[in-house]
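For reference, the structure is listed below as structure tokens.
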Amino acid sequence: MIWQIARKEIHHNLTTLRFSLIIIILPVLFVANSLIYSFGSGYTAQVDTYNQQVTQNREHVADYANKGLAELALIGPGEIPKRPNRLTFCADGADKLIPRSVKMMNIGGLSRAGYGYEVYRWRPPWILEYPLDNKSGSAMQRIKIDWVFIGILMSFFAILFTFDAIAGERARGTLSLMMSNTVSRGQVLLGKYLGAFVTLIVPLIISILINLLIILFSGNIPFESSEGLRILGMVILFALLVSIFIFLGLFFSSRVSNAITSLVWLLLTWVFLAFVFPSLLGTFVGNLNPIPSADEVVKQKHAQLEQLYGEYRPFNSPGDITPKLKKAASAEDPETTRLWADFLSREVETKTRLSDAHIDQQFQQVQLARDLTQISPIATFQYAMEGLANTGIVSYTNFVKQARRYRQIFIDFIKTEDRGDPESLHIYPVKEGLSQKPVDPDAVPVFEEQISYRSVLTQVMLLVLFNLLFFIVALVSFLKSDLK
Amino acid sequence: MHTLWLVIQREFVSNVLTSRFMIGFIVCLLSTAVAVFVQVDDYEKRLSGYNAAVREAETEAQNWELYYNINPKAHRKPNPLGIFNVGAENLGANTVTIELAKPVFELTYPVLGEPAQKRGADNPLLAMFLTIDVVFIFKIVLSALAILFAFNTISGEREDGTLKLVLSNAIPRDMIVLGKYLGGMLSLFPIVFTSLIVALIIALSSRVTAFDGNDISHIVLIFAVSLLYVSTWYLLGLLLSIWTKTPATTLILSMVVWVMLTIVHANVATIVVEKFPPYQSKPEVEYVRSAANVWDQFQKERDTYIKRRGYENLRDSIIWEPGTNPERTDRFLTFFSYGIESLYFVEGYILNDIEKADTTIFQEILDYQEPLRIAYADKAEAILNKPAEERERNAKFADLLSRISFADVYHYAVGTIAGTDRQSYNDFIQDSRAYKREIVEYLKDKAAFSSRAWFSNDQGAADLTDLPVFQQRRFSLAESFSRAYIDILILLAWNIVLFMAAYVSFLRYDMS
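Top line first, the protein sequences correspond to chains E and Z.
Taking the working numbering, I'd label the letters of the first sequence as residues 2 to 485.
Taking the working numbering, I'd label the letters of the second sequence as residues -2 to 509.
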């Protein structure tokens, strides 16, 4: 019986204007998306830069590894690039705002300390830095024509297909005729749901196939089998989102007596869920959870470093008083070298603590905004898509986490290598306290990025939950509604 | 006249009594209120950041003793109209540090010691959320309301059968179109008006926002343009209502047109231009390199001059009293800076025991060298500014493409009037360059380049009491109007075309 109603709905839908519009607009948008992303500047350029950076890095590491372990230990493993993403056409995720690399090297010059007539040149060890484009002026517009955007439009179409599903039949008087048959209200509702769902999902899947074919044949974005699975997951996300808005449409349609009123409600709800709500919360979270600005963090860092420098005086001019670092570090003088190591580790610790804390605060703020905006199913859909495509802030957060893990791996590698050299003093991170022997460049650990899809799971659960919720709401409202 | 008034009245009453009027009214009011609330907060943050930066710069200025190392700052003052249309207020730099021989430029990758910087920004990552303001609400919500008011004006009456009855009276058809248009606008007017008033009240309830007469007149102009925009949508709905047979068809068609024009079109245009830029530029690094060449030329020209005067380098022109040791340090004089990867190339002189030196010739050479250095900085600036110019040209092209949709024409018109558009930002950067020239003129008038206080305070510090302060231009209503008039005209033209089309279509309307 459900299927009979669904079939009737589908037949009815196929003849409507909205269906003709959707089968024009959807393929056009998907084709535009594939053309823009496969032929426009973007992925290929990013891959080139990435490969260039990786080679540069390898040369950098080999260069310093041959100079000696101590040199490598202080200069750091280089600038670590983030692997460009193939699936940005699915979810762009403000790709332009996200930094493409983190820095793990110190290319700055040597600092100098003078003792009498002798000048000691020392290098502050590398730290992990997160360059962020503070101005973000180049981001022209934040909405991109990616699959997420098309998904948002799909939710709009879901409204257009359901706003009169019940209210319209009620107005025409056919609703009471239908209910006079031996069919339960639940069946009618599910039939209508299925009808709308099939009419929306079939053009969507066809358009997605066209989109993928164009991208495959253009050859600019190569695919792997794992990406097929992720794209399949995205289709499921599309289905979940569309289904939510069908239920929402059925709810308003059964609740309100007049189809127009139902559309007004739906339209405004849609605008709220799609645009107003996510952006308001995004803007507002800055006040909810204020964090210090970049200038303040820099000031704080300077103040703390100033204090440290005051204590150790590593930039001594000849003839100045020297409270702690009285002499230059050298391999013959473990005590002074250890003192220098104390100072340098404290400097590294201060810098690292502040810059890590700053980026963590920024992440937390964005995370809070995202958590709050997930009240809107459209935002949840967007985040889930970004999660599957591994774009957006989640991918950057993961990247930063892995970079931090790599930082530890690299330091551990240096320390283990150093332990193998009996001539070394084993004092990290002072050049004189470490092994001066060259290391095998191939033995130096390489950064490898791994993708985590864990965050997607909660979002999928949320979307399923939204579906259940709106289904129940629509059902209850339909059960309680009048037939006339 | 009386019949026209009758049609208007009837249309107005039938609109106002519907539930969509009430819902639309409440939603529009609520969302405007919330948007203003958030934007006022954002403006307060910008303003306090600005005030702090200005204060800091003032304290810093009090410590200047030498002419050569003054670095006045141009601060971008937050625009109070940003509460209504935030536009580019949060984008780009908000402080430009003026250094005499440093070009003012903006590159996309961060450079150490950039002159144009953004201060007080707490989280650049939050920029990934859309920002929302009154104009955005108007652009999306009001247009939807206008369409929802207009879609059944003709096709609805046709379905109900009342259209025939109306036409059987002695009312000319043109009166009906005009009446329906005016009646619809009359019912939309209170929504726009009240929303804006509520927005204004919330904005004024904050302690820091102060609108002067100029701002208020700008807000009135924004209100007028918003009405024009709503009217465009209403006319489009009316036209579609005449062209289609049933209100259901009108509704679907106009909703799809609405979503395409307000949301899809501009974004497609922008991303197409972004991915296929019509003006391709060289990589920024190449511009930085050629700017570095400019400095090499400067060095050559300057060295020739010094040689001609008979000295090896600048410091040789200083005549020391016997018995002084010029090798030891306490003042470091920086002459010029440029860079390829790191911005600095420093040429410096250490001048100690300066009070025991005769620097007459040194000063004469400086009098030649420093204006030359500034002139070369302008040359370097012209080169370094090219990437930004390319970007601007591409962005302008994208704007042009998106102007096909009148929703974006409205957006640009309001941005221009409010002074929060991208052009206003570019003007700020231009103004900061003008400010630099002003400072140079000021120093020339004081003969500062050849004075001892250029590099030393042993014979009295530099006199900087009347140093010009950066003044940001604000536009008067007439100026704003003349900046935005093309967009306003386009909106007006759309109104006229749509009205004429509706008028003609209705005159030829087939009742059967």
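Glycine included, every Cβ here is placed at the ideal spot set by N, Cα and C.
By the C-beta density criterion, residue 2/Z is exposed, having fewer than 16 other C-beta atoms within 10 angstroms. Close CB contacts of residue 255/Z within its chain, under the 7 angstroms cut and outside five residues either way in sequence, are with 140, 141, 144 (chain order). The closest CA to that of residue 448/E, considering only 158/E, 39/E, 56/E, 68/E, is found on 56/E.
For residue 381/E, the enclosing alpha helix (DSSP H) starts and ends at 378 to 390. For the pair residue 393/E and residue 94/E, the CB atoms are nearer than the 8 angstroms cut-off. Membership of residue 80/E in the beta strand (DSSP E) is indicated by the continuous run 79 to 82.
The stretch 66 to 76 of chain Z and the stretch 90 to 105 of chain Z touch, with no fewer than 3 CB-CB distances between them shorter than 8 angstroms. Minimum Cα-Cα distance from residue 130/E among the listed residues 81/E, 345/E, 59/E, 31/E corresponds to 81/E. Listed by position along chain Z, the residues whose Cβ is nearer than 9 angstroms to that of residue 49/E form an empty set, because the closest Cβ is around 12 angstroms away. Between the stretch 261 to 272 of chain Z and the stretch 378 to 389 of chain Z, the count of C-beta pairs closer than 8 angstroms stays below three; the two stretches do not touch. Within chain Z, 35 have C-beta atoms less than 7 angstroms from the C-beta of residue 285/E, given in sequence order. No Cβ of chain E is located within less than 8 angstroms of the beta carbon of residue 498/Z. Proximity of chain E to residue 145/Z at the Cβ level (cut-off 9 angstroms) is accounted for by 261, 264, 265, 268, in chain order. Beta-bridge partners assigned by DSSP to residue 93/Z: 71/Z, 113/Z.
For residue 32/E, no Cβ of chain Z is located within less than 8 angstroms of the residue's own Cβ. Here residue 47/Z is not near residue 459/Z, since their CB atoms are 8 angstroms or more apart.
Around residue 28/Z, the beta-carbon contacts reaching into chain E at under 9 angstroms are 269, 272, 273, 277, 281. A check of alpha carbon separations from residue 5/E across 51/E, 67/E, 179/E identifies 179/E as the nearest. In this structure the stretch 278 to 291 of chain Z does not lie against the stretch 411 to 418 of chain Z, because fewer than three pairs of beta carbons, one per stretch, are closer than 8 angstroms. Residues of chain E whose Cβ lies closer than 8 angstroms to the Cβ of residue 256/Z are, in chain order, 154, 157.
The beta carbon of residue 294/E falls within 8 angstroms of a beta carbon belonging to chain Z, placing the residue at that interface.
Residue-level contact by beta carbon holds for residue 19/E and chain Z, with a gap shorter than 8 angstroms. Interface criterion met: the Cβ of residue 363/E is under 8 angstroms from a Cβ in chain Z. With fewer than three CB-CB distances shorter than 8 angstroms, the stretch 180 to 200 of chain E does not count as touching the stretch 216 to 225 of chain E. Per DSSP, residue 52/Z has no beta-bridge partner at all. DSSP lists 121/E as the bridge partner or partners of residue 114/E. Under the three-state reduction of DSSP, residue 402/Z is assigned to coil, being neither helix nor strand. Sequence-distant partners of residue 89/Z (beyond 5 residues in either direction) whose C-beta falls short of 6 angstroms from its own C-beta, in its chain, are 422. As for any alpha helix (DSSP H) of minimum length 4 sitting wholly inside the stretch 134 to 177 of chain Z, the runs are 140 to 147, 152 to 157, 159 to 165, ordered along the chain. Shown here for residue 243/E: same chain residues with a beta carbon closer than 6 angstroms to its own, the five before and five after excluded, namely 155, 159, 201 in chain order. Below the 7 angstroms Cβ cutoff, chain E contributes 288 as neighbours of residue 38/Z, in chain order. Look at residue 127/E here: in three-state DSSP terms it is coil, with no helix or strand label. Under the three-state reduction of DSSP, residue 3/E is assigned to helix. If you draw a straight line from the Cα of residue 20/Z to the Cα of residue 112/Z, it is about 50 angstroms long.
If you draw a straight line from the Cα of residue 403/Z to the Cα of residue 446/Z, it is about 54 angstroms long.
Below the 8 angstroms Cβ cutoff, chain E contributes 294, 296 as neighbours of residue 116/Z, in chain order.
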